[in-house]
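Comments concern the structure below.
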Amino acid sequence: MTLTIEVIFEDNVFKPVKPVEGLQEHERMIALISPRVKKERLRNLAGTLSSEEANEMLAVIDEEFGRVEGNW
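The working numbering numbers the first residue of the sequence shown as 8 and each following residue consecutively.
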C-alpha cells in the first residue's frame, strides 16, 4: 500500500494532519519526506504577464510540444 498524506512536524514527531485509514497500530512504514508546495507563490504570479506575453508563451509551448510529439 502506498499513501500520500500531509503531516506536520511537532515536538520532534511527524503527525498526520488528517486521520489515516488502513494502517495497524504500531505498523512500521517507510516515509519519504518532501516540502509541501505553497500555492501562494503561484497565486502571486497571476496577472503578471500581459496578454501579448501570455500568447507568445503559449505559442512557444505549442511549438516545443509539437516538435516532441512529432518526433515520437
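Every residue gets a Cβ at the ideal spot worked out from N, C-alpha and C, and that includes glycine.
Extent of the continuous beta strand (DSSP E) to which residue i belongs
i: I12; result: Here I12 belongs to no beta strand (DSSP E), and DSSP marks it neither H nor E.
i: N23; result: Reading off the sequence, residue 23 comes out as Pro, not Asn. Here the beta strand (DSSP E) through P23 covers V20 to P23.
Member of the options whose CA lies at the smallest distance from the CA of residue i
i: I6; options: A53, I37, V24 and S58; result: Nothing about residue 6 can be read from this structure; the chain reaches only from 8 to 79.
i: M8; options: E70, E34, N19 and L56; result: E34
Exposed unless 16 or more other CB atoms sit within 10 angstroms - verdict on residue i
i: W79; result: Its pLDDT being 46, under 50, W79 is placed unreliably by the model, and nothing is read from it.
Cβ neighbours of residue i in the same chain (closer than 8 Å, five flanking residues each side left out)
i: V27; result: L10 and I12
i: R43; result: E13
i: F72; result: none
Cβ neighbours of residue i in the same chain (closer than 7 Å, five flanking residues each side left out)
i: K22; result: V14 and I15
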